[in-house]
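Top to bottom, those sequences are chains G and F. In terms of numbering that gives the first Met the number 0, the first sequence has 183 at position 184, counting the first letter as 1, and numbering is strictly consecutive. In terms of numbering that gives the first Met the number 0, the second sequence has 136 at position 137, counting the first letter as 1, and numbering is strictly consecutive.
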Amino acid sequence: MKDKIFILSIFLMLSILGLGLISDNPLFTANWALISVLFLGLVITAFFRSFERHSPSAKEIALIATMAALAAAVRVPFAILPGIQPTTFLVMITGWVFGVQSGFVVGALAALASNFFLGQGPWTPWQMFCWGMGGVAAALLARRNTEFNLQKFTILACSWGYIFGWLMNIWHWVGFIYPLNMKTFLATYVASFPFDTLHAMGNVVISLTFGKTFHHVIQRFKRKITVITLKENEN
Amino acid sequence: MYAYKEHYKLFQSLCCEVSLSYIAAVVLLCLIFSHPLYLFSLFLALNMVILSAGIIREWLIYLKFSLMLIFLIILVNALFVHAGATILIQGPRIPIIGTIRITLEALCYGVGMGLRLLVMMGAFCLLTYAVHPDRVLKALGGGRSKTMLTLSISLRLFPLIAGDFVRITEAQRCRGVNFQARDPRVRIRKYVPVLNTVLLSSLERSFQLAESLQSRGYGSTRRTCYREVLRRPRDYMVIMMILLGLGYALILILSGSTGYSYYPRLQPVKGAEITMAVGLGLFFMFPALLNWGWERCRFLKSKI
Numbered sequence: 000m001k002d003k004i005f006i007l008s009i010f011l012m013l014s015i016l017g018l019g020l021i022s023d024n025p026l027f028t029a030n031w032a033l034i035s036v037l038f039l040g041l042v043i044t045a046f047f048r049s050f051e052r053h054s055p056s057a058k059e060i061a062l063i064a065t066m067a068a069l070a071a072a073v074r075v076p077f078a079i080l081p082g083i084q085p086t087t088f089l090v091m092i093t094g095w096v097f098g099v100q101s102g103f104v105v106g107a108l109a110a111l112a113s114n115f116f117l118g119q120g121p122w123t124p125w126q127m128f129c130w131g132m133g134g135v136a137a138a139l140l141a142r143r144n145t146e147f148n149l150q151k152f153t154i155l156a157c158s159w160g161y162i163f164g165w166l167m168n169i170w171h172w173v174g175f176i177y178p179l180n181m182k183t184f185l186a187t188y189v190a191s192f193p194f195d196t197l198h199a200m201g202n203v204v205i206s207l208t209f210g211k212t213f214h215h216v217i218q219r220f221k222r223k224i225t226v227i228t229l230k231e232n233e234n
Numbered sequence: 000m001y002a003y004k005e006h007y008k009l010f011q012s013l014c015c016e017v018s019l020s021y022i023a024a025v026v027l028l029c030l031i032f033s034h035p036l037y038l039f040s041l042f043l044a045l046n047m048v049i050l051s052a053g054i055i056r057e058w059l060i061y062l063k064f065s066l067m068l069i070f071l072i073i074l075v076n077a078l079f080v081h082a083g084a085t086i087l088i089q090g091p092r093i094p095i096i097g098t099i100r101i102t103l104e105a106l107c108y109g110v111g112m113g114l115r116l117l118v119m120m121g122a123f124c125l126l127t128y129a130v131h132p133d134r135v136l137k138a139l140g141g142g143r144s145k146t147m148l149t150l151s152i153s154l155r156l157f158p159l160i161a162g163d164f165v166r167i168t169e170a171q172r173c174r175g176v177n178f179q180a181r182d183p184r185v186r187i188r189k190y191v192p193v194l195n196t197v198l199l200s201s202l203e204r205s206f207q208l209a210e211s212l213q214s215r216g217y218g219s220t221r222r223t224c225y226r227e228v229l230r231r232p233r234d235y236m237v238i239m240m241i242l243l244g245l246g247y248a249l250i251l252i253l254s255g256s257t258g259y260s261y262y263p264r265l266q267p268v269k270g271a272e273i274t275m276a277v278g279l280g281l282f283f284m285f286p287a288l289l290n291w292g293w294e295r296c297r298f299l300k301s302k303i
């Protein structure tokens, strides 16, 4: 179900933005800055609502809060280096080990919490969405692998460096550029390419350096907090 | 460690819901409006409020950062949008960009959108530096919402983790580990055990935190919370002005005067639009005007 929501939300976002590129439709002149913010708000709210409904245990709450604080704290020393984001790695490794919901919540909260220290901006909801989706993507990849696969994880982390930048560019493109056509779309993306490459390369280096040890530590902790209850056979 | 700084100013003393409503209203309006006059009027009003909130130094940092983004907005619009009719510069054909054709309309659009960005940045600057994060969390349902509880815990853990990192790095330094190695690969390798220890200690702490939450009855029943919200006349006055401002903006939107056509030629500005923009600015300037009276008139201060 969560896979479907993830794919559907990405598909919806891309198709609506795609429609905006075609000049002969009523959506061409729509206020995309407002629509994109509303759409983003809906996706983030949907994930948080599902987190609230799932009634997380005290251990889950403490763990998610700790990972979000850690992901937020590592962001601060790297804030002066544009592109290098260890937060992406931490969110993705959490998503890989703990699943879709924890991955998204850790990513979204890490962005929000770190911005209370670094400064909030119009980028905050977009960062919440992008990092949250990074956690979701890692969790979905983990479902297809029984063991931790560093190679696949690193490739995903590298790709997410670019996807993160491309998603973040959307607010810049829809909010401040007109007309919304392929030319201006590519121009906006080309401008951010060096930063996205730095982000992707940073993710590769961090994943290769810390990937195995961090996965081992978090996995061990997951086993420690997991409680398996056995039902007594009535017969 | 928060970016927020306490000042004895009216905006900081407002009820959190009122401050958040003001910020949300400004962000919403700047997303809806494309007319540079209205955006400029909002920008001026916001600057007055920022000035009255005593966060001008912080706003200058935001401004410096915004200028970089505005330059990018103007550059992309000027180089890649050829929709304008008033050509300022026409140059040779460049492979990816095509023929260089910078138009006045594209430049003006870039400036107009730069103004929109500045308004947005101003609103978020107020949110960061003039509204206490703890009050924001409480206003957003910190008592009952599990998401807000998680966020609140992570905000408390943030300085602890940062402190852990410094403590462990210093301990390693005392053992002779050189973190200043010239080779970045060597330097990163030296940080591996530090970060592993930070991760381990944070996770152990989270285990203790969970036990502490459980021992205090978390999950046993529905969470309850007690929150006393002090609403003073100043809160009612500001919220009234925000509502009036939004109502006024709605009338402007329905009359169709908030949009602005940049292409193919710049739409001429009417005198009535300037008056209407001033009116809008006055509504959103109100917290700054009230602060002015609040600081100078003791009677007013005691009454609101």
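For every residue, glycine included, the Cβ atom is placed at its ideal position computed from N, Cα and C. A quick note: this is a predicted structure, and the numbers were derived from the prediction, not measured.
Checking 8 Å against the spacing of the C-beta atoms, do residue i and residue j come in under that value?
i, j, result
"Gly106/G", "Val96/G", "no"
"Leu155/G", "Ala186/G", "no"
"Leu103/F", "Gly83/F", "yes"
"Phe147/G", "Ser206/G", "no"
"Met47/F", "Met284/F", "yes"
"Leu305/F", "Val36/G", "Residue 305/F cannot be examined here, being either before or after the span of chain F that is shown, 0 to 303."
"Thr183/G", "Val80/F", "yes"
"His6/F", "Gly258/F", "no"
"Ala52/F", "Ala129/F", "yes"
"Ile241/F", "Tyr21/F", "yes"
"Phe116/G", "Tyr1/F", "yes"
"Val25/F", "Leu13/F", "no"
"Gly98/G", "Phe46/G", "no"
"Ile93/F", "Ile99/F", "yes"
"Cys157/G", "Ala109/G", "no"
"Lys4/F", "Asn290/F", "no"
"Ser214/F", "Thr65/G", "no"
"Tyr225/F", "Cys107/F", "no"
"Val135/F", "Cys296/F", "no"
"Phe128/G", "Ile43/G", "yes"
"Phe50/G", "Gln119/G", "no"
Can you give me the start and stop residues for the beta strand (DSSP E) that residue i sits inside?
i, result
"Gly90/F", "Ile86 to Ile93"
"Arg204/F", "No beta strand (DSSP E) holds Arg204/F; the alpha helix (DSSP H) holding it covers Pro183 to Ser214."
"Thr225/G", "From DSSP, Thr225/G is part of no beta strand (DSSP E); its letter is neither H nor E."
"Arg143/G", "Per DSSP, Arg143/G belongs to no beta strand (DSSP E) and is neither H nor E."
"Ile101/F", "Gly97 to Thr102"
In chain F, which residues lie less than 8 Å from residue i when you measure between Cβ atoms?
i, result
"Leu39/G", "By Cβ distance, chain F contributes nothing, its closest Cβ being about 12 Å from Leu39/G, past 8 Å."
"Phe163/G", "Ordered by position in chain F, no residue passes the 8 Å Cβ test against Phe163/G, which lies about 17 Å from the chain."
"Gln150/G", "None at all; the shortest Cβ gap to chain F is about 20 Å."
Can you pull the chain G residues whose beta carbon is under 7 Å from the beta carbon of residue i, in chain order?
i, result
"Pro132/F", "Phe115"
Span of the alpha helix (DSSP H) holding residue i?
i, result
"Gly106/G", "Val99 to Leu117"
"Arg155/F", "Lys145 to Cys173"
"Ile79/G", "Element bounds for Ile79/G: n/a, residue is neither H nor E."
"Thr65/G", "Ala57 to Ala72"
"Gly174/G", "Leu149 to Phe175"
"Ala138/F", "Pro132 to Ala138"
"Gly120/G", "No alpha helix (DSSP H) contains Gly120/G, which DSSP labels as neither H nor E."
Residue i versus chain F: which residues are under 7 Å apart at the beta carbon?
i, result
"Lys58/G", "Ala209"
"Phe213/G", "Leu198"
"Ile63/G", "Thr149"
"Pro55/G", "Lys145"
"Gly120/G", "Met120 and Phe123"
"Thr183/G", "Val75, Phe79 and Val80"
For residue i, which residues in chain F fall below 9 Å Cβ to Cβ?
i, result
"Glu231/G", "Neighbours of Glu231/G on chain F: none; closest Cβ ~24 Å, over 9 Å."
"Val216/G", "Asn195, Leu198, Leu199 and Leu202"
"Thr153/G", "The premise fails here: Thr153/G is roughly 15 Å from chain F at the closest Cβ pair, so nothing lies under 9 Å."
Using a cut-off of 8 Å between C-beta atoms, extract the partners of residue i located in chain G.
i, result
"Ile72/F", "His171, Phe175 and Ile176"
"Ser144/F", "Glu51"
"Ala161/F", "Ala72 and Val75"
Below 9 Å on C-beta distance, what does residue i contact in chain G?
i, result
"Arg115/F", "Ala32, Gly174 and Phe175"
"Asn46/F", "Near Asn46/F there are no residues of chain G at all, since even the closest Cβ is about 17 Å away, more than 9 Å."
Residue i: beta carbon under 7 Å from a heavy atom of the ligand NAP?
i, result
"Ser201/F", "As for the ligand NAP, it is missing from this structure, which has no ligand bound."
Report task. Just list the beta strand (DSSP E) runs in the stretch 216-264 of chain F, keeping only unbroken ones of 3 residues or longer that don't cross its boundaries, in chain order. Result -> none
Query raised in the report: Taking contact to mean at least 3 C-beta pairs separated by less than 8 Å, is the stretch 209-226 of chain F in contact with the stretch 239-251 of chain F?
Result: no
Report task. May I ask you to verify whether the stretch 78-92 of chain G touches the stretch 127-136 of chain G, counting CB pairs closer than 8 Å and requiring at least 3? Result -> yes
Report task. Decide yes or no for the touch test of the stretch 145-165 of chain F against the stretch 59-73 of chain G: beta carbon pairs closer than 8 Å, at least 3 of them. Result -> yes
Query raised in the report: Would you say the stretch 184-199 of chain F touches the stretch 210-219 of chain G, given that touching needs at least three Cβ pairs under 8 Å?
Result: yes
Report task. May I ask you to verify whether the stretch 130-149 of chain F touches the stretch 53-65 of chain G, counting CB pairs closer than 8 Å and requiring at least 3? Result -> yes
Report task. Enumerate, from N- to C-terminal direction, the unbroken alpha helix (DSSP H) stretches of 4 or more residues contained entirely within the stretch 20-51 of chain F. Result -> 35-51
Query raised in the report: Three or more C-beta pairs closer than 8 Å, one from the stretch 107-127 of chain F and one from the stretch 10-25 of chain F: is that the case here?
Result: yes
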